[in-house]
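All residue numbers for the sequence shown refer to the working numbering, where the first residue is 9 and numbers rise by one.
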Amino acid sequence: MIRKAFFWLTAGVVLVQLQVVSFAQPLFTAQAMLDAARAKEAKGNHREAIQGYQAVLKRFPSGEYHAVAVQQIAMIQAAELKDLYTAAGTYGEIVSQYPNENPSITYSAATQLITLAGQLNKPELSFAAYKAMLSVCKGSSNRSGMHAGLISYYISQKNESLIRQQIEEMFRECRREPNFRGNVEAVIGQLMSSPELKPLGEEVRKRLDSLPTDADPDAAASKEYQDLVAAKDYAAAIAKAEALAKTSPQGYYTPSVLQNAQSLAENQLKDMNKARDLCRLWALSMRGEDEGNNLAAALSAWVRACSTLKDAAGAREAAEYALAKFPNCTATDDVLLTAAKVK
9 MIRKAFFWLT
19 AGVVLVQLQV
29 VSFAQPLFTA
39 QAMLDAARAK
49 EAKGNHREAI
59 QGYQAVLKRF
69 PSGEYHAVAV
79 QQIAMIQAAE
89 LKDLYTAAGT
99 YGEIVSQYPN
109 ENPSITYSAA
119 TQLITLAGQL
129 NKPELSFAAY
139 KAMLSVCKGS
149 SNRSGMHAGL
159 ISYYISQKNE
169 SLIRQQIEEM
179 FRECRREPNF
189 RGNVEAVIGQ
199 LMSSPELKPL
209 GEEVRKRLDS
219 LPTDADPDAA
229 ASKEYQDLVA
239 AKDYAAAIAK
249 AEALAKTSPQ
259 GYYTPSVLQN
269 AQSLAENQLK
279 DMNKARDLCR
289 LWALSMRGED
299 EGNNLAAALS
309 AWVRACSTLK
319 DAAGAREAAE
329 YALAKFPNCT
339 ATDDVLLTAA
349 KVK
């Protein structure tokens, strides 16, 4: 509905305001229902709280509010009712629905499912969790850790073919990640502890040692940026962030540096135009969804900055980029709605 409203607005159709109003009402209802269930939970009425969350599930059979309600039910089942098997099934419901739900919720549910897998001695649960993480967190800077989780499962199954396949994918995709070497070392340790798989462990060790050990220039640039911030040389820090965005537009360190830099521009330099430009670079630096929901934060920050400056052209660029690149992102509809209001 929002996407139609956005394009109607660009065509000059006034009825977009009616579309916005009709969209807002069900969201208000969902939030009110969640708040009521949380109030019962806060009072210790856990089973009544579950009933409240289940009412949300019935009213909203899919989408973000559905995922939040399922997550809350699982948390109560595990932490308060100590029903670990049921909680594992509920977390599994969230995991099975990727990539249609909020990535941070999926990641959180998968993390809890991994913990329960250990407690229940059910490694197949951790396998499903790591698969979900890899599927939904395309922009994570620790995908090597997710690959390592799958490899650990394959090691427990003594499946050398799948172990090799996952290691190959891990090396191909993640070798520049900050935590790559540490995660590979953990895999090597598991392989070396198995007599049958020790030769493979030695093979992976040789492959890791053969990789270049030169210092990552992006890591060095990030450290220089942090030093400038610590010295309160904010203008120089922002210039360093812009330089990093130019040399490594989607590097592993670039998004966090730009996220911090746009805050400096807005709050320290009071330069909203610079903040808008840095928000744009931050959004463009995101490779995809991650476990921290930072893609949604970046897209939202970009369009909000344009809205503050009444930059209609910039808001339209943000909306078109979000719709073209990340149509399923939880923030995309909000970006379109905000852009539609900027004149």
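We put the CB at the ideal spot given by N, CA and C, even for glycine.
Values in this document were obtained by computation on a predicted structure and should not be read as measured data.
Mapping the DSSP letters down to three states, classify P225 as helix, strand or coil. Taking the sequence shown and counting its residues from 1, one reaches residue 225 at position 217. In the structure shown, P225 sits in a helix (DSSP, three-state: H, G or I).
Distance between beta carbons of A339 and L307, contact taken as under 8 angstroms: Translated into positions along the sequence shown, residue 307 becomes position 299. Translated into positions along the sequence shown, residue 339 becomes position 331. Contact flag correct, Cβ pair sits at about 5 angstroms.
Among the residues of its own chain, which have a CB less than 8 angstroms from the CB of V29, if the five just before and after it don't count? Here residue 29 refers to the residue found at position 21 of the sequence shown. At V29, the pLDDT of 37 sits below 50, so the modelled position is not reliable; the number obtained from the coordinates is stated separately. Answer for V29: no residue qualifies.
Measuring straight from C-alpha to C-alpha, what distance separates H54 and Q174? Residue mapping note: residue 54 aligns to position 46 of the sequence shown, counting from 1. Residue mapping note: residue 174 aligns to position 166 of the sequence shown, counting from 1. Cα to Cα, the separation comes out at about 41 angstroms.
By DSSP, does Y73 sit in helix, in strand, or in coil? Here residue 73 is taken as the residue at index 65 of the sequence shown, counted from 1. Helix at Y73.
Please list, in chain order, all residues of the same chain as D43 whose beta carbon is under 8 angstroms from its beta carbon, the five residues on each side excluded. Position 35 of the sequence shown, counted from the first residue, corresponds to residue 43. Counting only Cβ-Cβ distances below 8 angstroms, and skipping sequence neighbours, we find nothing.
Here's a check: name, in chain order, each residue in its chain whose Cβ is nearer than 7 angstroms to the Cβ of Q85, leaving out the five neighbours to either side. What you label residue 85 is simply residue 77 of the sequence shown in a count that begins at 1. Counting only Cβ-Cβ distances below 7 angstroms, and skipping sequence neighbours, we find D91, T94, A95, T98.
Residues near L216 by beta carbon distance below 8 angstroms, same chain, minus five either side: Numbered from its first residue, the sequence shown carries residue 216 at position 208. Here the set comprises R189, V192, E193, I196.
Measure from the alpha carbon of V350 to the alpha carbon of each residue in P225, T255, K254, A313, then state which is nearest. What you label residue 350 is simply residue 342 of the sequence shown in a count that begins at 1. When only C-alpha atoms are compared, the closest one is A313.
Candidates A305, A243, F135, A330, of which the one nearest I163 by Cα: On the sequence shown, residue 163 is found 155 positions in, with the first residue counted as 1. That would be F135, whose Cα lies nearest to the Cα of I163.
Look at the alpha carbon of P207 and the alpha carbon of M200, and state the distance between them as a whole number of angstroms. For the purposes of this step, residue 207 is identified with residue 199 of the sequence shown, where counting begins at 1. For the purposes of this step, residue 200 is identified with residue 192 of the sequence shown, where counting begins at 1. Spanning the two alpha carbons is a distance of roughly 8 angstroms.
Measuring only the C-alpha atoms, how far is A249 from L124? For this step, residue 249 is matched to residue 241 along the sequence shown. For this step, residue 124 is matched to residue 116 along the sequence shown. Whole-angstrom Cα-Cα distance: 41 angstroms.
Going by beta carbon distance, what residues of the same chain come within less than 7 angstroms of E274, once the five residues before and after it are set aside? One-based indexing of the sequence shown puts residue 274 at position 266. Result list for E274: M280, A283, in chain order.
Buried versus exposed call for Q165 [16 or more other C-beta atoms within 10 Å across all chains shown]: Taking the first residue of the sequence shown as position 1, residue 165 is located at position 157. Classification for Q165: exposed.
Verify whether the separation of the beta carbon atoms of A347 and A323 is less than 8 angstroms. As a working note, residue 347 is residue 339 in the sequence shown. As a working note, residue 323 is residue 315 in the sequence shown. Yes, these two residues count as a Cβ contact at 8 angstroms.
Rounded C-alpha distance that separates Y161 from L205: For the purposes of this step, residue 161 is identified with residue 153 of the sequence shown, where counting begins at 1. For the purposes of this step, residue 205 is identified with residue 197 of the sequence shown, where counting begins at 1. Y161 and L205: Cα-Cα distance of roughly 14 angstroms.
Pair within 8 angstroms by beta-carbon distance, M141 and A118: As a working note, residue 141 is residue 133 in the sequence shown. As a working note, residue 118 is residue 110 in the sequence shown. Taking 8 angstroms as the Cβ cut-off, M141 and A118 qualify as a contacting pair.
Is S230 helix, strand or coil when you go by DSSP? The residue labelled residue 230 in the question sits at position 222 within the sequence shown. Helix, per DSSP.
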